[in-house]
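So the sequences go chain by chain: D and A.
Numbering of the first sequence is given in UniProt numbering, commencing with residue 1 and proceeding in unit increments.
Numbering of the second sequence is given in UniProt numbering, commencing with residue 1 and proceeding in unit increments.
Structure first, commentary second.
Protein chains: 2
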Amino acid sequence: MSVDRDHVLRAAATLLTRKATASMDEIAKAAGIGRATLHRHFAGRDALVRALEELGIEQFGRALDAARVDEGDAAEAVRRLVAEAEPVAGILAFLFTENQLYEGGINEGWNRLDARVQALFSRGQEQGAFRIDLSPAWLTEALYGLIGTGAWAVQDGRVAAKDISRMVSELLLGGAQRRRMEP
Amino acid sequence: MSVDRDHVLRAAATLLTRKATASMDEIAKAAGIGRATLHRHFAGRDALVRALEELGIEQFGRALDAARVDEGDAAEAVRRLVAEAEPVAGILAFLFTENQLYEGGINEGWNRLDARVQALFSRGQEQGAFRIDLSPAWLTEALYGLIGTGAWAVQDGRVAAKDISRMVSELLLGGAQRRRMEP
DNA sequence: CCCGAATGAGACATCAACGTCTCATTCGGG
DNA sequence: CCCGAATGAGACGTTGATGTCTCATTCGGG
Numbered sequence: 001m002s003v004d005r006d007h008v009l010r011a012a013a014t015l016l017t018r019k020a021t022a023s024m025d026e027i028a029k030a031a032g033i034g035r036a037t038l039h040r041h042f043a044g045r046d047a048l049v050r051a052l053e054e055l056g057i058e059q060f061g062r063a064l065d066a067a068r069v070d071e072g073d074a075a076e077a078v079r080r081l082v083a084e085a086e087p088v089a090g091i092l093a094f095l096f097t098e099n100q101l102y103e104g105g106i107n108e109g110w111n112r113l114d115a116r117v118q119a120l121f122s123r124g125q126e127q128g129a130f131r132i133d134l135s136p137a138w139l140t141e142a143l144y145g146l147i148g149t150g151a152w153a154v155q156d157g158r159v160a161a162k163d164i165s166r167m168v169s170e171l172l173l174g175g176a177q178r179r180r181m182e183p
Numbered sequence: 001m002s003v004d005r006d007h008v009l010r011a012a013a014t015l016l017t018r019k020a021t022a023s024m025d026e027i028a029k030a031a032g033i034g035r036a037t038l039h040r041h042f043a044g045r046d047a048l049v050r051a052l053e054e055l056g057i058e059q060f061g062r063a064l065d066a067a068r069v070d071e072g073d074a075a076e077a078v079r080r081l082v083a084e085a086e087p088v089a090g091i092l093a094f095l096f097t098e099n100q101l102y103e104g105g106i107n108e109g110w111n112r113l114d115a116r117v118q119a120l121f122s123r124g125q126e127q128g129a130f131r132i133d134l135s136p137a138w139l140t141e142a143l144y145g146l147i148g149t150g151a152w153a154v155q156d157g158r159v160a161a162k163d164i165s166r167m168v169s170e171l172l173l174g175g176a177q178r179r180r181m182e183p
């Protein structure tokens, strides 16, 4: 009987990824519960979005952990990160745009995650694996942007789901041009 | 006295890029006109967004023309396109997300533009300049996504405006890894 | 200079979503 | 089995945005 809070959040994330302006009623229906019950668990839309943000931060944090971004070859670490982040891509896409849509305080949790991603790119630069003419800050933005773009492309059927992780990491790391690594 | 329709659209684009949910009243104020006058020129919010879409399509079409994407080295053509598209980046970012936010028919005009961008990437692949394991469709999505991400990053001061064109095209073409072109 | 057209400010009704509340129903532990 | 807790459906008032309308003011061409 008791509503599974996590299940509701995941349903909300799935719907909001597809339609960021979905109403509380639509979210409730998508989660298979009544609107009143939704309000019993989340004080309001803001609270729901904030909870979703917490979930996204936690999940992406786990992805960073699972990808062991501090270990081994930086490029491989980026590939692992993109792959681990794939299940959270939808939530990230929603939150990434949400932060642009509504002006308002950024959740402090993002700063920690941003720092870890930036550290990964910095490490890659220091090891000589990444070019230094693209700033870690921009590479971090691009990582988020490409993950979100990929999530939408899959959503709309423009790219196959099975390819998206490779498409994102390969583009981010190697770009569109044919290349050969330096010796 | 007569209101400059184009000026209103540009003001709306600037505001909506920063806050996609801005009300008609906010848009009117941003354009320096009264809300009633805004309604006299655009039947409603939908009409305004559609007009903005027309503007974006036209401007990006001009960017494609100016970049001469059918001529010369494909990589250089991409650089020219990104540079030419920079002034429209804000509108593109807004429309790109708008198309995700609200389900609804896509303006036919986008198909023509998409086709031209995809043709550019296909040409690059055929000439051996671009890798063939990233589909033109995905590269096109990535181009839009990175332009939008760049516009936001500049908006929020995370990347310097003067760098963004190079940041986008270099990442899109060369990726984050150090590389050397094939002989 | 003068009159018509366009504008700005604001009143007004409408509408959709929100948040709160009630009440009957249902689920599940004791 | 039974009672309490949780749920679903829906009514209700509120709020914010929308679209329409009026009216005084202002601009600019003739």
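We put the beta carbon where it would ideally sit given N, CA and C, even for glycine.
Q. Checking contacts by CB at 8 Å: is Gly175 of chain D closer than that to chain A?
A. Reading the first sequence from its first residue, position 175 is the one you call residue 175 of chain D. Under the 8 Å criterion on CB atoms, Gly175 of chain D is classed as interfacial with respect to chain A.
Q) Which of the residues in the segment 2–23 of chain D, read from start to end, lie with their CB under 9 Å from any CB of chain A? A) Residues passing the 9 Å Cβ filter: Thr17, Arg18, Lys19, Ala20 and Thr21.
(Q) Between which residues of its own chain and Thr37 of chain D is the CB-CB distance below 8 Å, once the five residues before and five after are set aside? (A) Mapped onto the first sequence, residue 37 of chain D falls at position 37. Within the same chain, Thr37 of chain D has close Cβ partners Val3 and Ala28.
Q.
For Lys29 of chain D, report the span of its alpha helix (DSSP H) as first-last.
A. If you number the first sequence from 1, residue 29 of chain D lands on position 29. Annotation: the continuous alpha helix (DSSP H) that includes Lys29 of chain D extends over Met24 to Ala31.
(Q) Quick check on Gln127 of chain A - is its C-beta less than 8 Å from some C-beta in chain D? (A) Taking the second sequence and counting its residues from 1, one reaches residue 127 of chain A at position 127. No, its Cβ sits nowhere closer than 8 Å to a Cβ of chain D.
Q: Measure the alpha-carbon distance for Ala67 of chain D versus Ala77 of chain D and round it to whole angstroms.
A: Against the first sequence, residue 67 of chain D aligns to sequence position 67. Against the first sequence, residue 77 of chain D aligns to sequence position 77. Looking at the two C-alpha atoms, the distance is approximately 6 Å.
Q.
On a Cα-Cα basis, can you pick out the residue from D:Phe130, D:Ser165 and D:Ala13 that is closest to Ala30 of chain D?
A. Residue mapping note: residue 30 of chain D aligns to position 30 of the first sequence, counting from 1. Nearest C-alpha to Ala30 of chain D: D:Ala13.
(Q) To be precise: take each residue of the segment 129–149 of chain D, compare its Cβ to all Cβ atoms of chain A, and keep it if any distance is under 8 Å. Which residues remain? (A) Answer in chain order: Ala129, Phe130, Arg131, Asp133, Leu134, Ser135, Ala137, Trp138, Leu139, Glu141, Ala142, Tyr144, Gly145, Leu146, Gly148 and Thr149.
**Q.** Lys162 of chain D versus Leu15 of chain A: straight-line alpha-carbon distance, rounded
**A.** Position 162 of the first sequence, counted from the first residue, corresponds to residue 162 of chain D. Position 15 of the second sequence, counted from the first residue, corresponds to residue 15 of chain A. Distance between the alpha carbons of Lys162 of chain D and Leu15 of chain A: 37 Å.
Q.
Suppose you measure from the CA of Ile33 of chain A to the CA of Leu55 of chain D; what does that come to, to the nearest Å?
A. For the purposes of this step, residue 33 of chain A is taken as the residue at position 33 of the second sequence. For the purposes of this step, residue 55 of chain D is taken as the residue at position 55 of the first sequence. Going by C-alpha positions, Ile33 of chain A is about 42 Å away from Leu55 of chain D.
Q. How about Ala89 of chain D and Gly150 of chain D: are their beta carbons less than 8 Å apart?
A. Mapped onto the first sequence, residue 89 of chain D falls at position 89. Mapped onto the first sequence, residue 150 of chain D falls at position 150. Pairing Ala89 of chain D with Gly150 of chain D gives a Cβ-Cβ distance under 8 Å.
Q: Name, going along the chain, the residues of the segment 154–174 of chain A whose beta-carbon falls closer than 7 Å to a beta-carbon of chain D.
A: Answer set for the segment 154–174 of chain A: Arg158, Val159, Met167, Glu170, Leu171, Leu172, Leu173 and Gly174.
**Q.** alpha helix (DSSP H) segment containing Ala13 of chain A, residue limits
**A.** Your numbering for residue 13 of chain A matches position 13 in the second sequence. Here the alpha helix (DSSP H) through Ala13 of chain A covers Arg5 to Arg18.
**Q.** Neighbour-count burial assignment, Tyr102 of chain D, 16 or more Cβ in a 10 Å radius
**A.** Against the first sequence, residue 102 of chain D aligns to sequence position 102. Its Cβ having fewer than 16 others within 10 Å, Tyr102 of chain D is exposed.
Q.
Measuring only the C-alpha atoms, how far is Asp46 of chain A from Gly72 of chain A?
A. On the second sequence, residue 46 of chain A is found 46 positions in, with the first residue counted as 1. On the second sequence, residue 72 of chain A is found 72 positions in, with the first residue counted as 1. For Asp46 of chain A and Gly72 of chain A, the gap between their C-alpha atoms comes out near 40 Å.
Q. Do Ala51 of chain D and Phe42 of chain D have their C-beta atoms closer together than 8 Å?
A. To locate residue 51 of chain D, count along the first sequence from 1; it is residue 51. To locate residue 42 of chain D, count along the first sequence from 1; it is residue 42. Between Ala51 of chain D and Phe42 of chain D, the CB-CB gap stays under 8 Å.
Q: Take Val168 of chain A as the anchor and find which of A:Leu48, A:Gln100 and A:Ala83 has the nearest alpha-carbon.
A: The residue you call residue 168 of chain A lines up with position 168 of the second sequence. Here the closest residue by C-alpha is A:Ala83.
Q: Can you grab the Cα-Cα spacing for the pair Ser135 of chain A / Val154 of chain D, in whole Å?
A: In the second sequence, counting from the first residue as 1, residue 135 of chain A sits at position 135. In the first sequence, counting from the first residue as 1, residue 154 of chain D sits at position 154. Cα to Cα, the separation comes out at about 13 Å.
Q) Which bits of chain D does Thr97 of chain A rub up against, with CB to CB less than 7 Å? A) Locating residue 97 of chain A in the second sequence gives position 97, where the first residue counts as 1. Within chain D, the residues near Thr97 of chain A are Thr97.
Q | Pro136 of chain A - containing alpha helix (DSSP H), residue span | A | Numbered from its first residue, the second sequence carries residue 136 of chain A at position 136. Taken as a continuous stretch (DSSP letters only), the alpha helix (DSSP H) holding Pro136 of chain A covers Pro136 to Gln155.
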